[in-house]
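Participant:
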Amino acid sequence: MIRTLSAALAVMLMATGASAEVVSRTADGFVLRYEVALETTPDDAWVAVGEVGRWWNGAHTYSGTATNMTLPLQVGGCLCEALADGTIFEHGRVTRADPQAGVAIDAPLGPLKGKATRADLDLTWANEGRGLKLAMTFTVGGPGLGAFAGPVDGVMGDQFARWVHYVETGETP
Numbered sequence: 001m002i003r004t005l006s007a008a009l010a011v012m013l014m015a016t017g018a019s020a021e022v023v024s025r026t027a028d029g030f031v032l033r034y035e036v037a038l039e040t041t042p043d044d045a046w047v048a049v050g051e052v053g054r055w056w057n058g059a060h061t062y063s064g065t066a067t068n069m070t071l072p073l074q075v076g077g078c079l080c081e082a083l084a085d086g087t088i089f090e091h092g093r094v095t096r097a098d099p100q101a102g103v104a105i106d107a108p109l110g111p112l113k114g115k116a117t118r119a120d121l122d123l124t125w126a127n128e129g130r131g132l133k134l135a136m137t138f139t140v141g142g143p144g145l146g147a148f149a150g151p152v153d154g155v156m157g158d159q160f161a162r163w164v165h166y167v168e169t170g171e172t173p
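Numbering (the working numbering), first residue to last: 1 to 173.
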């Protein structure tokens, strides 16, 4: 399944002119980075990040439904998921929110929860030509977590491609 996801991601990224890579990996951590240039505005990127329930892959939620995800774009805002029984599950917390530059989230997602000593998810944008360069960087640290780089790369690459699609089209991928 990871190979299928990675192959699909590679095709999507090539089609958009995006780059994706495991920037670094050690036994105790890794850095993933994805970027693409788009003809869009900071407002479009900002609004799209805040509408996480429209682009996040529901397969990577506890409820199986992305629309249960929320992300208030303010420092301290919770990347949260509301479960059917009323439970709120915290996936991360916003540590930086700038409509002109991006959002940083302390986000020990999925199998990293309880294991990561650092899990910084940065969704950023910067002027490039007539548009923006959108980027996602995920920096993870913790004992033995370097082994997670490949599988997490597949998941986060998919999330990046979905965010880019939503910024470009306004449509749920």
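Backbone N, C-alpha and C fix where the C-beta goes; we use that ideal spot for every residue, glycine too.
Taking just the CA atoms, how far does T95 sit from L5?
Facilitator: Working through the sequence shown from its first residue, we reach residue 5 at position 5. Working through the sequence shown from its first residue, we reach residue 95 at position 95. Reliability of the predicted coordinates at L5 is poor, the pLDDT of 37 falling under 50, and the value obtained from them is presented with this limitation in mind. Approximately 30 angstroms, taken between the alpha carbons.
Participant: Closest to C80 by CA distance: which of Q100, L109 and G141 is it?
Facilitator: By 1-based counting over the sequence shown, the position of residue 80 is 80. Of Q100, L109 and G141, the residue nearest in Cα terms is L109.
Participant: Can you give me the C-alpha to C-alpha distance between F160 and N68, rounded to a whole angstrom?
Facilitator: One-based indexing of the sequence shown puts residue 160 at position 160. One-based indexing of the sequence shown puts residue 68 at position 68. If you take the alpha carbons of F160 and N68, they lie about 19 angstroms apart.
Participant: When you compare only the Cα positions, how much space is there between Y62 and R25?
Facilitator: By 1-based counting over the sequence shown, the position of residue 62 is 62. By 1-based counting over the sequence shown, the position of residue 25 is 25. Whole-angstrom Cα-Cα distance: 28 angstroms.
Participant: How should E35 be labelled, buried or exposed, when 16 other C-beta atoms within 10 angstroms of its C-beta is the threshold for buried?
Facilitator: Stepping through the sequence shown from its first residue, residue 35 is reached at position 35. Buried, because 16 or more other Cβ atoms sit within 10 Å of the Cβ of E35.
Participant: Looking at the structure shown, is A104 part of a helix, part of a strand, or coil, going by DSSP?
Facilitator: As a first step, residue 104 is located in the sequence shown; it is residue number 104 there, counting from the start. Per DSSP, reduced to three states, the secondary structure at A104 is strand.
Participant: Counting along the chain, where does the alpha helix (DSSP H) carrying T137 start and finish?
Facilitator: As a working note, residue 137 is residue 137 in the sequence shown. Run containing T137: none in the alpha helix (DSSP H); it sits in the beta strand (DSSP E), G131 to G141.
Participant: With 16 as the cutoff for other CB atoms within 10 Å, does A15 come out buried or exposed?
Facilitator: Locating residue 15 in the sequence shown gives position 15, where the first residue counts as 1. Note that A15 scores 42 on pLDDT, short of 50, meaning its location in the model is unreliable; the coordinates nonetheless yield the value given after this. Taking every protein chain shown into account, the CB of A15 has fewer than 16 other CB atoms within 10 angstroms, so this residue is exposed.
Participant: Does R178 pass the burial test, meaning 16 or more other C-beta atoms within 10 Å, or should it be called exposed?
Facilitator: Nothing about residue 178 can be read from this structure; the chain reaches only from 1 to 173.
Participant: Between the C-alpha atoms of V164 and S19, what's the straight-line distance to the nearest angstrom?
Facilitator: Position 164 of the sequence shown, counting from 1, holds the residue named residue 164. Position 19 of the sequence shown, counting from 1, holds the residue named residue 19. Each residue's alpha carbon lies about 12 angstroms from the other.
Participant: Are L132 and L38 closer than 7 angstroms when you measure CB to CB?
Facilitator: In the sequence shown, the residue the question calls residue 132 occupies position 132. In the sequence shown, the residue the question calls residue 38 occupies position 38. In this structure, L38 lies closer than 7 angstroms to L132 by Cβ.
Participant: With respect to the alpha helix (DSSP H) encompassing V155, which residues constitute its N-terminal and C-terminal limits?
Facilitator: As a working mapping, residue 155 is identified with position 155 in the sequence shown. That run of the alpha helix (DSSP H) goes A149 to T169.
Participant: Thinking C-alpha only, which one of T124, V23, G114 and L112 is nearest V47?
Facilitator: Along the sequence shown, read from residue 1 onward, the residue named residue 47 stands at position 47. Nearest of T124, V23, G114 and L112 to V47, Cα basis: T124.
Participant: Tell me, to the nearest whole angstrom, how far the beta carbon of R33 is from that of V49; I am working on the premise that it is less than 8 angstroms.
Facilitator: Within the sequence shown, the letter at position 33 stands for residue 33. Within the sequence shown, the letter at position 49 stands for residue 49. Not really, about 17 angstroms apart at Cβ, beyond 8 angstroms.
Participant: Roughly how many angstroms lie between the CA atoms of L134 and A126, to the nearest whole one?
Facilitator: Within the sequence shown, residue 134 is the residue found at index 134, counting from 1. Within the sequence shown, residue 126 is the residue found at index 126, counting from 1. Going by the C-alpha atoms only, they are around 7 angstroms apart.
Participant: Determine the extent of the alpha helix (DSSP H) in which D43 is found, giving its start and end residues.
Facilitator: Translated into positions along the sequence shown, residue 43 becomes position 43. That run of the alpha helix (DSSP H) goes P42 to G50.
Participant: Can you tell me which of P99, V140 and V103 puts its alpha carbon nearest to the alpha carbon of K115?
Facilitator: Indexing the sequence shown from 1 puts residue 115 at position 115. That would be V140, whose Cα lies nearest to the Cα of K115.
Participant: Do you know how far the Cα of A66 is from the Cα of W55?
Facilitator: As a working note, residue 55 is residue 55 in the sequence shown. As a working note, residue 66 is residue 66 in the sequence shown. When rounded, the distance between both Cα atoms is 7 angstroms.
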